[in-house]
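Read in this note's numbering, the sequence shown has 1223 at position 474, and its numbers run on one by one without any break.
Using N, Cα and C, we set each Cβ at its ideal position, and we do this for glycine too.
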Amino acid sequence: MKTNIFRILSIFGLIALVVACSTKRDTFLARNSHAMSTKYNILYNGDLALEAGMKDLRTLYGDDFWEVLPVERMQPDLEAPTLGGQPTGPKEQQKNPNFQRAEEKATKAIQKHSMNIGGTEVNYQIDEAHILLGKSRYYDKRYVPALEAFNYVLYKYPKSSKIYEAKVWREKTNMRLENDGLAITNLSKLLADPKVKLDRQVYSEANATLAQAFINTQQRDSAVNRLKIALKNTRIDDEEARYNFIIGQLFEQAKQNDSAWTYFQRVIDMKRSSPWVYRIQAIGHQSAQFDYKKGDTLQFVENYKDLLKDRENRPYLDWLNHQLAVFYDKSDKPKQALKYYNKSLDAQPTDAYLNASNYRNMAEIYFNQAKYVTAGFYYDSTLVHLKPRTREFRLIEKKRTNLEDVIKYEGIATTNDSIISIYSMPKEQQIAYYQKYIDKLKKADEAARVMAEKEKEKAEVLAQSRAGDVASADQSIRNVSKSSAAPVKEADANASPSTFGPKSGKPGDFYFYNPTTVAFGKSEFRKNWGNRAYQDNWRFNKSGGQAEEEKPEEELTPEEIKAKKLAEEQAEARYTTDFYISQLPTSKVVIDSLSKERNFAYYQLGVIYKEKFKEYERSADKLEKLLVSNPEERLILPAMYNLYKVYEIIDKPKAEAMKADIISQYPDSRYAQILKNSQTGEAAQAPEVAFNQLYKEYKEGDYRNLVPKLEDAVDKYTGESSLPKFEMLKAMNIGKLQGVEEYKKALNYVALTYPNQAEGKEAEVMLGRDIVMMEARQFNDVPPKSWKIIYRAPDPNAKNIKTLQEKLKKFISERTADQLTQSLDIFTMDMNFVVVHGIKTEQGAEGIASVLKEFKEYKLPDVAIVISNENYAVLQMKKNLEEYLADPHKPAEKRAAPVVKPVQDGPKTQTPRGARVPKARPAQSQTQGTQPPSIGRPPQDSDDPRAGNMPPGMPQQNTTSPKSQSTPRK
750 MKTNIFRILS IFGLIALVVA CSTKRDTFLA RNSHAMSTKY NILYNGDLAL EAGMKDLRTL
810 YGDDFWEVLP VERMQPDLEA PTLGGQPTGP KEQQKNPNFQ RAEEKATKAI QKHSMNIGGT
870 EVNYQIDEAH ILLGKSRYYD KRYVPALEAF NYVLYKYPKS SKIYEAKVWR EKTNMRLEND
930 GLAITNLSKL LADPKVKLDR QVYSEANATL AQAFINTQQR DSAVNRLKIA LKNTRIDDEE
990 ARYNFIIGQL FEQAKQNDSA WTYFQRVIDM KRSSPWVYRI QAIGHQSAQF DYKKGDTLQF
1050 VENYKDLLKD RENRPYLDWL NHQLAVFYDK SDKPKQALKY YNKSLDAQPT DAYLNASNYR
1110 NMAEIYFNQA KYVTAGFYYD STLVHLKPRT REFRLIEKKR TNLEDVIKYE GIATTNDSII
1170 SIYSMPKEQQ IAYYQKYIDK LKKADEAARV MAEKEKEKAE VLAQSRAGDV ASADQSIRNV
1230 SKSSAAPVKE ADANASPSTF GPKSGKPGDF YFYNPTTVAF GKSEFRKNWG NRAYQDNWRF
1290 NKSGGQAEEE KPEEELTPEE IKAKKLAEEQ AEARYTTDFY ISQLPTSKVV IDSLSKERNF
1350 AYYQLGVIYK EKFKEYERSA DKLEKLLVSN PEERLILPAM YNLYKVYEII DKPKAEAMKA
1410 DIISQYPDSR YAQILKNSQT GEAAQAPEVA FNQLYKEYKE GDYRNLVPKL EDAVDKYTGE
1470 SSLPKFEMLK AMNIGKLQGV EEYKKALNYV ALTYPNQAEG KEAEVMLGRD IVMMEARQFN
1530 DVPPKSWKII YRAPDPNAKN IKTLQEKLKK FISERTADQL TQSLDIFTMD MNFVVVHGIK
1590 TEQGAEGIAS VLKEFKEYKL PDVAIVISNE NYAVLQMKKN LEEYLADPHK PAEKRAAPVV
1650 KPVQDGPKTQ TPRGARVPKA RPAQSQTQGT QPPSIGRPPQ DSDDPRAGNM PPGMPQQNTT
1710 SPKSQSTPRK
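Okay, structure coming up:
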């Protein structure tokens, strides 16, 4: 009986379940069953996924604190190439999966539990499913589908309890679609409606969204007002801290520093209620307002050092060290500033612009210290971390390019000036000067020798304990290190910083950071391979290996003994003053040449500092040095004029005095006429105007008359920024008159003299492309398509040439079958051609030449030269008429195809120099040929006296191997 009742109840329960699962029946059971399943199953899991995704945004999103923060965090834009320029995976795999899961749950709720009966949705949870769908798409940055979801709620569920929340989210989506004006209009109307009752958190979000729209449209005051309202109504501490910080940033932009300070202080006062990063950044923004002249600097430094000691601030040491470095930088304490910039870099910042700021500021410090090589390396590293298509990137790139000339001419000026000054010393002073250097050199060499011996002892200890206790070997090394503490300190004072590696790390650190394992590895390498040179294919080189152990004295051959003795003598010679004095120039001609080269370098530096860097004090210093160094006559007047322009900015009385000197000493010069406001006459013509006029004559083919004009222009406009244009035009004119060989020489001069100017770079491209193609051309190297007849005409105004042209004109006018023309072409400085064009075949050209020579109505006595149009082009390129006349039909030689140098597209296609990888401290030198682009922090400046072994004033000898020049510290 009981079994039958149970069966009956089971059947009725199954029927009720089937009825309840139906989405087509509008019953109480069906509605509530689907609503409950939607809310407590699908939407619950969807909401959890959405919350997890938003939590990821809060914790993983990288804010750009250099700009005003966005009110709401959002996933970053996806970029396929994310590792070494190679894709790391499909874009879909890089999105936050939580938002995709939330969208799947919302879609499932709509598909499985929607009860659209008679055009009305009776499942009261489906509106929330559509809102969840819109939110998940919104955070997934698919704004158009998100907008469709929110609009569907507004259209289908006008009486929903979530209707106002849907309106707010719709305007958030409009704002993301850059419809800021529409979002401002709709949100303002919604918030101003007294009938609208919003949840407090939704009200806060609506005001925050409206504030973001105002920020996007540069309405700062309105944005601040709305953020203040959002701040009062939010219940989330994270949002409270963020809104306070953004208000502080907006006040900071408006130069309302007191108000900005107040809101940053609110963030700080929230303490642990605020994310720690906001607190650190608020402290940094307050520090930016510090008065470095009147403020309490001691208290400032003490506060920051306390922050650096705080364990909770360890993740933010990059920012704290940067702010302290900026403080020292602005306080004119470059040594301390460099120390803390380096500490900021050692903290391995993840913020690219923070890295760029560190490198840029360090570059400026080295630039101000006249260490231009080092400054160049740090500018390279700055460019690595800046976004390429930004104004700052272009400015730094331009400054770095201009620095090439500064490095070049500063090196010339410093070296030549040192040599000249030492040359002018009495012999006793020269000996004393070099003896002082030798004493320092001996001290440094002795310290290096002691260090090498200690390292050798460490390696031997490790080798002996190879099969024993590594811990005891490590202790032995420590004992050796303690015994050599004093010599190492002494070496530190004299050796280049690039010779020391990172500090030793704890056991378990990276292999190369542990000196014990590194020394052991070196010892084992030397055992197996010997002392190998740093070169390609070192394993297959016969040198090195165990057989390369140093032979005993009695086993050496006479030649080996002689070579060893010579090497020892050369090493000892470094410790004698005669070694250096013997290398000084002794000829007055050489000294005069060095002085001339130095003076030109001074002039170039003065102009570069004035025009490209706006460093007027330095420009004045270089030009003043030039004028007291007995310069060439051609440099005096341009230097005086440029110095006058600099004085106009930094010293008005000196400018007036210099103006008077120019007018009185050079009254007829172009500069004097400019200063007297007399713009008439050729001398007062602006360089741009003169160039345009000369270029017009070049285009018209007046090549011969251009020669003296261009020579005069080059002399007249020496020192002007437009001089490379005149030099390039001169080279092109030379090519027209003298052929490809002289054209190549002229282009080479432009490329070498102005390597960083547009003309110099263009000349370099033409040398590798155009000149190569022109040199490869030969007579008869391509099939002819048309022919010409040419007559030599040394003097185009001679009577016989005029007669020749008249008869040709008559002949052409009578020939109606062919479209013939004639022209007078320039060939060289003293030769022209009268040319008949438009002949289709060689036989036709020879027939016409025969008619012109034999018919009595023409009877031309001049020798006619028949030549194809293609050969005429080669003739004009190479100016080799005699070669053509010797054998006009000589076949072209078979040659390999010309190798054209590829054209570089500039920095966009090159790996930036100086890219810094964590723990790789020094950057590689740029003079490494086939070595890879420099990676790491820039090396020590070559200006540093510790960097080389030659004293100031001596020509530097390249005696170091590539390894010693470029190997990073490990």
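Counting only runs that start and end inside the region 961–992, the alpha helix (DSSP H) elements of at least 4 residues fall at 969–982.
Looking only at N781, G811 and N847, the smallest Cα-Cα distance to G802 is reached by N847.
Taking 9 Å as the cut-off, the beta carbon of L1375 is found closer than this to the beta carbon of N1348.
As the crow flies, the alpha-carbon of I1145 is around 20 Å from that of G1355. The Cβ-Cβ distance between V1615 and A1635 does not fall below 9 Å.
Contact check for N1497 against L1472 fails: the beta carbons are separated by 9 Å or more. Around the beta carbon of N1546, fewer than 16 other beta carbons lie within 10 angstroms, which makes this residue exposed.
DSSP places Q1571 in the uninterrupted beta strand (DSSP E) bounded by T1570 to T1577. One thing to note: D1574 has its Cβ within 9 Å of the Cβ of V1584. Listed as beta-bridge partners of Y1540 by DSSP are V1583.
Here E821 carries a coil assignment [DSSP, helix/strand/coil]. By the criterion of a C-beta distance shorter than 6 Å, K854 is surrounded in its chain by I791, N794 and G795, once the five residues flanking it on both sides are discounted.
From the listed residues K1465, I1032, A1646 and E1317, the smallest Cα separation to Q1527 is found for A1646. DSSP places V1615 within a strand segment (E or B) once states are collapsed to three. When the beta-carbon positions are compared, N1110 and D1067 stay at least 9 Å from each other. Residue environment analysis places I754 among the exposed positions, since fewer than 16 neighbouring C-beta atoms fall within 10 angstroms of its C-beta. Listed in chain order, the non-local C-beta contacts of T1163 below 6 Å within the same chain number zero, local neighbours out to five positions each way being set aside. In this structure, N965 sits away from M1019, with a CB-CB distance that is not shorter than 9 Å. Per DSSP, Q1038 is not a residue of any alpha helix (DSSP H), being assigned neither H nor E. For G1160, the uninterrupted alpha helix (DSSP H) run begins and ends at R1140 to Y1172, by DSSP.
A851 and L799 have their alpha carbons spaced roughly 6 Å apart. Taking 9 Å as the cut-off, the beta carbon of L1069 is found closer than this to the beta carbon of L1057. Here the alpha carbon of Y1420 sits roughly 11 Å from the alpha carbon of S1413. Look at E1321 here: in three-state DSSP terms it is helix. Between the C-alpha atoms of K1189 and N1091 there is a straight-line separation of about 29 Å. If you look at T1046, you'll find it in the alpha helix (DSSP H) that goes T1046 to K1058. By the 16-neighbour rule on beta-carbons within 10 angstroms, V820 is buried. A Cβ-Cβ distance of about 12 Å is found for the pair L882 and T922, leaving them out of contact under the 8 Å criterion.
Assigned with DSSP and collapsed to three states, E852 falls in helix. For E870, the secondary structure class from DSSP, reduced to helix, strand or coil, is strand. Around the beta carbon of L1315, fewer than 16 other beta carbons sit within 10 angstroms, so the residue counts as exposed.
The Cβ atoms of G1125 and A1105 do not sit closer than 9 Å to each other. Counted as a single uninterrupted DSSP element, the alpha helix (DSSP H) harbouring F1013 occupies residues N1006 to D1018.
Beta-bridge partners of I1588 (DSSP): W1536.
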